[in-house]
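Going by my numbering, the first residue of the sequence shown is number 3, and it counts up by one from there.
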Amino acid sequence: MEYHLYADDTQIYTPCSPSDSMNACRDLERCLEKVSTWMIANKLKLNPSKTEFIIFSSKHAKISTNMLLHIGEACVAPSEQICNLGVIFDRHMTMVPQVRKICSSAMVCVRYLGKIRPYLSDCSAKSVAHALITSKIDNCNSLLAGLPSSTLRPIQRVLNITARIVSRSPKFTHVTPLLKSLHWLPIESRIQFKVLLILYKSLNGYTPYIEELVHPHISRAGLRSASKQLLMVPIRTRVGYGDCSFAAFAANAYNRLPREVRNSQTVDCFKCRLKTYLFLFI
């Protein structure tokens, strides 16, 4: 049983196999009963109406969705999706609801930008786009790593529309030259940039809470690759979900980087070299 504690929120979770899901649900109930007892002893109350319960699984996993989580006299049914720190997770981890949320909130600002664009200079329009649109696209986008292009295409469409508005280009103008002129990376490259930046900070002690997820590759045969300072890619039993994990996605992307980028001495230098490298593939 694992947990995360926040200022006004507590998360309890446990992994299990599909055949052991009922036992895991009973373990959660016992844990919540102890939490409720502690809260009552400290003049607090566990609110079942605000308690959410979700089962994350593959689309092909045979897990009953009719399980109920009993909290005192209340019963909590499994949710199809939940909001965690502003990010929407669905029970199959497709992240489609989160993509829809990003596109919905960003498109509102895109429409407003389109209305006031004639009254803005090019520099001001670009600043407004960064403040109101690309900031929404980049917010928590590392959680979208490894998703198929079909899922990310709506976000890319929002970015393309924004680029055409900022550059005052016609509706059907080819967008790749516009993105290059604005120095904007496509959505998949933006996600890769964010993940690699987090990884670089972790390897250099800026984010120590992620250090346990990445490990250096140790060559037992004394190969020439041992001097490249690569990272170990974990063995995944579920490739579809495993490749989306931070440990696998970040290690694979980091190992593909040129040594010059990996050996950057400062964060600003790494960001500059990484963005230049990613622009080579647009």
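The beta-carbon is built from N, C-alpha and C at its ideal position, and this holds for glycine as well.
### Query
In whole angstroms, what separates the C-alpha of L282 from that of W186?
Within the sequence shown, residue 282 is the residue found at index 280, counting from 1. Within the sequence shown, residue 186 is the residue found at index 184, counting from 1. When only Cα atoms are considered, L282 and W186 end up about 13 Å apart.
### Query
Touch check for the region 77-84 and the region 37-45: three-plus C-beta pairs under 8 Å?
Segment contact: the region 77-84 against the region 37-45, fewer than three CB-CB distances shorter than 8 Å; contact not assigned.
### Euclidean distance between Cα positions of D10 and V177
Within the sequence shown, numbered from 1, the residue matching residue 10 stands at position 8. Within the sequence shown, numbered from 1, the residue matching residue 177 stands at position 175. So the two alpha carbons sit approximately 44 Å from each other.
### Message
Under 8 Å, with one C-beta from each stretch per pair, do the region 45-64 and the region 113-125 reach the 3-pair mark?
### Response
With contact defined as three or more Cβ pairs closer than 8 Å, the region 45-64 and the region 113-125 are not in contact.
### Query
Among L276, L149, L215, which has the Cα closest to the Cα of G242?
Residue numbering aside, residue 242 sits at position 240 when the sequence shown is read from its first letter. Selected option, being the one with the closest Cα: L149.
### Message
According to DSSP, is A76 part of a helix, a strand, or is it coil?
### Response
Within the sequence shown, the letter at position 74 stands for residue 76. Of the three classes helix, strand and coil, the one that applies to A76 here is strand, per DSSP.
### Task
On the DSSP bridge assignment, give the partners of V89 in chain order.
Here residue 89 is taken as the residue at index 87 of the sequence shown, counted from 1. Note: V89 sits in a beta bridge opposite N86.
### Query
Within the present structure, is the beta-carbon of D22 separated from the nearest heavy atom of the ligand GDP by less than 7 Å?
Annotation note on the ligand GDP: not contained in the displayed structure, which lists no ligands.
#### Entry: T16 and L30 closer than 8 Å at C-beta
Residue mapping note: residue 16 aligns to position 14 of the sequence shown, counting from 1. Residue mapping note: residue 30 aligns to position 28 of the sequence shown, counting from 1. The Cβ atoms of T16 and L30 sit closer than 8 Å to each other.
### Task
With distances taken Cα to Cα, identify the nearest neighbour of A79 among M97, G88, I57.
Position 77 of the sequence shown, counting from 1, holds the residue named residue 79. It is I57 whose Cα lies nearest to the Cα of A79.
### Query
Taking the C-alpha atoms as reference points, what is the distance between L233 and I163?
Residue mapping note: residue 233 aligns to position 231 of the sequence shown, counting from 1. Residue mapping note: residue 163 aligns to position 161 of the sequence shown, counting from 1. It is roughly 37 Å from the alpha-carbon of L233 to the alpha-carbon of I163.
### Query
What did DSSP end up calling Q5 once you bin it into helix, strand or coil?
Looking up residue 5 in the sequence shown gives position 3. Reading off the sequence shown, one finds Tyr at residue 5, where the question assumed Gln. Residue state, collapsed to three classes: strand.
### Task
Taking N198 as the reference, give the member of V160, I237, R155, A250 with the closest Cα.
On the sequence shown, residue 198 is found 196 positions in, with the first residue counted as 1. Checking the sequence, you will find Leu at residue 198 rather than Asn. Here the closest residue by C-alpha is A250.
### Message
Report the CB separation of Q158 from P188 in whole angstroms; it is logged as a contact under 8 Å.
### Response
To locate residue 158, count along the sequence shown from 1; it is residue 156. To locate residue 188, count along the sequence shown from 1; it is residue 186. Taking the Cβ atoms as the reference, Q158 lies roughly 6 Å from P188, within the contact range of under 8 Å.
### Query
Is it a yes or a no for the region 252-269 touching the region 170-184, going by three-plus beta-carbon pairs under 8 Å?
Counting Cβ pairs under 8 Å, fewer than three are found: no touch.
### Task
Check the DSSP bridge columns for P218 and list the partner residues they point to.
For this step, residue 218 is matched to residue 216 along the sequence shown. Beta-bridge pairing links P218 to L233.
### Message
Nearest by alpha-carbon distance to N265: which of P179, K203, L46, H94 is it?
### Response
Position 263 of the sequence shown, counted from the first residue, corresponds to residue 265. Ranked by Cα distance from N265, the options P179, K203, L46, H94 are led by K203.
### Local conformation of Q13 per DSSP, three classes
Locating residue 13 in the sequence shown gives position 11, counting from the first residue. Three-state result, Q13: strand.
### Cβ separation of L87 and Q194, assumed to be a contact under 8 Å, to the nearest whole Å
To locate residue 87, count along the sequence shown from 1; it is residue 85. To locate residue 194, count along the sequence shown from 1; it is residue 192. L87 to Q194, Cβ: 22 Å. No contact.
### Message
For A131 and N254, what's the separation of their Cα atoms in angstroms?
### Response
Walking along the sequence shown from the start, residue 131 turns up at place 129. Walking along the sequence shown from the start, residue 254 turns up at place 252. About 31 Å.
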